[in-house]
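Sequence lines, in order, name chains Z and F. Going by this note's numbering, the first sequence runs without a break in its numbering and finishes at 1442. Going by this note's numbering, the second sequence runs without a break in its numbering and finishes at 136. Using N, Cα and C, we set each Cβ at its ideal position, and we do this for glycine too. It should be emphasised that the depicted structure is a prediction, and the values quoted were computed from it without experimental measurement. In what follows, a single structure is set out as structure tokens and then discussed.
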Amino acid sequence: MAEVRKIATSKVAGTWAWFFQRLSAVLLIVLLGVHIYVDHFWHVGEELTVSNINERLKEALYIAIDYSLLGVVLFHGLNGARTILFDFDMFARRQRMVDWALWILGIATLIWGIVILWPFIKG
Amino acid sequence: MKVSSFKWLFGRNSEFWPTNMRTGMWAWVGHRLTGILLVVYVFLHLSFLTQASLSHEEFDSLMEVMAQPQFVFLDFLLVCAVIYHGMNGLRVVLFDLGIGIRKQKLVFWVMMVIAAVLVVVGFWALLEIIFPGSG
Chain Z
1320 MAEVRKIATS KVAGTWAWFF QRLSAVLLIV LLGVHIYVDH FWHVGEELTV SNINERLKEA
1380 LYIAIDYSLL GVVLFHGLNG ARTILFDFDM FARRQRMVDW ALWILGIATL IWGIVILWPF
1440 IKG
Chain F
2 MKVSSFKWLF GRNSEFWPTN MRTGMWAWVG HRLTGILLVV YVFLHLSFLT QASLSHEEFD
62 SLMEVMAQPQ FVFLDFLLVC AVIYHGMNGL RVVLFDLGIG IRKQKLVFWV MMVIAAVLVV
122 VGFWALLEII FPGSG
């Protein structure tokens, strides 16, 4: 087991980053599965218009799924980008700066995403 | 061109012959490439949705353009990238839990078979839109 852990964890990226990447990965498979099923199998062939999407987003559950999907996706994506950066030894000595920059980018994008779904929810 | 011309690439002694292939290395390369692609897509997705808060009419006509076969084909490529990234990611999670490492090549191919099935399901769902009149 010890050997496995050594391979799996980059020293620079950190154990928590590794752990939450796996946790968010499993969450994403579930959330993305629901998202794809609802948007592309239930409503297949339906025209995408503001009013149609507004109709779907009347369900609080859809909104909850879409917003949590966005949050988890952003964490997983940006944390993945961070791992790639450090693996290629880019900014590895500026780890704290990279962490701050990515958290700010992630939270700003999350707010952006919450705001842009608003017109669909309000109609 | 004869098939044997591609022996160096796909033959018994080549990298891509299943038993020779360094599956873990290629899986890792693919995982990173699709990963970067998918992060770019999330931002693209959000910027398209932003159009809806600017103008309802323009959003509706933008979505009409995106419903054309060539753009739905791009959606299909997105489906492929997501499924590969997801199934390979599941393989990584399994290995991190200590499951299947001793059979790592087999696990890779099993995951790729499941991925292929899911890609076919995705293609079937989009078939009518990509090739109108085929369903």
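8 Å Cβ cut-off: residues of chain Z touching residue i
| i | result |
| --- | --- |
| Leu-79/F | The contacting residues do not exist; Leu-79/F stays about 11 Å from chain Z at best. |
| Ala-68/F | Glu-1366 and Leu-1367 |
Chain-ordered chain F contacts of residue i [CB-CB under 8 Å]
| i | result |
| --- | --- |
| Phe-1360/Z | Ala-126 |
Where residue i sits in the DSSP three-state scheme
| i | result |
| --- | --- |
| Pro-133/F | coil |
| Glu-1445/Z | Outside the shown range of chain Z (1320 to 1442) lies residue 1445/Z, about which nothing can therefore be said. |
| Phe-17/F | coil |
| Met-64/F | helix |
| Gly-31/F | helix |
| Gln-105/F | helix |
| Lys-1325/Z | Because the pLDDT at Lys-1325/Z is just 47, under 50, the model does not fix this residue reliably, and the value given afterwards should be weighed accordingly. Here Lys-1325/Z sits in helix by DSSP. |
Interface flag, residue i vs chain F, CB-CB below 9 Å
| i | result |
| --- | --- |
| Leu-1347/Z | yes |
| Trp-1437/Z | yes |
| Gly-1399/Z | yes |
| Gly-1333/Z | no |
CB contact below 9 Å: residue i versus chain Z
| i | result |
| --- | --- |
| Gly-101/F | no |
| Gly-31/F | no |
| Thr-24/F | no |
| Met-64/F | yes |
| Ile-131/F | no |
Beta-carbon neighbours of residue i, restricted to chain F and to distances below 7 Å
| i | result |
| --- | --- |
| Ala-1383/Z | None at all; the shortest Cβ gap to chain F is about 17 Å. |
| Ile-1297/Z | Any question about residue 1297/Z goes unanswered here, given that chain Z covers just 1320 to 1442. |
Residues that residue i contacts on chain Z, provided the C-beta gap is smaller than 7 Å
| i | result |
| --- | --- |
| Phe-60/F | Val-1369 |
| Thr-51/F | Ile-1435 |
| Gly-1/F | Any property of residue 1/F remains undetermined from this structure, which presents chain F solely from 2 to 136. |
is_contact[residue i, chain B] using C-beta, thresh 9 Å
| i | result |
| --- | --- |
| Arg-1375/Z | Note that chain B does not occur in the displayed structure, where the protein chains are Z and F. |
Q) With contact counted as at least three CB pairs below 8 Å, one residue from each stretch, are the region 1388-1398 of chain Z and the region 1417-1430 of chain Z in contact? A) When Cβ pairs closer than 8 Å are counted between the two stretches, the region 1388-1398 of chain Z is seen to touch the region 1417-1430 of chain Z, the count reaching three or more.
Q: Count the CB pairs spanning the region 70-89 of chain F and the region 18-27 of chain F that are closer than 8 Å, and state whether there are at least three.
A: Taking 8 Å as the limit for Cβ pairs, the verdict is that the region 18-27 of chain F does not touch the region 70-89 of chain F.
Q. Touch check for the region 1365-1378 of chain Z and the region 52-62 of chain F: three-plus C-beta pairs under 8 Å?
A. With contact defined as three or more Cβ pairs closer than 8 Å, the region 1365-1378 of chain Z and the region 52-62 of chain F are in contact.
(Q) With three or more C-beta pairs closer than 8 Å as the rule, is the region 1378-1387 of chain Z touching the region 1404-1414 of chain Z? (A) With the cut-off at 8 Å, the region 1404-1414 of chain Z and the region 1378-1387 of chain Z do not touch.
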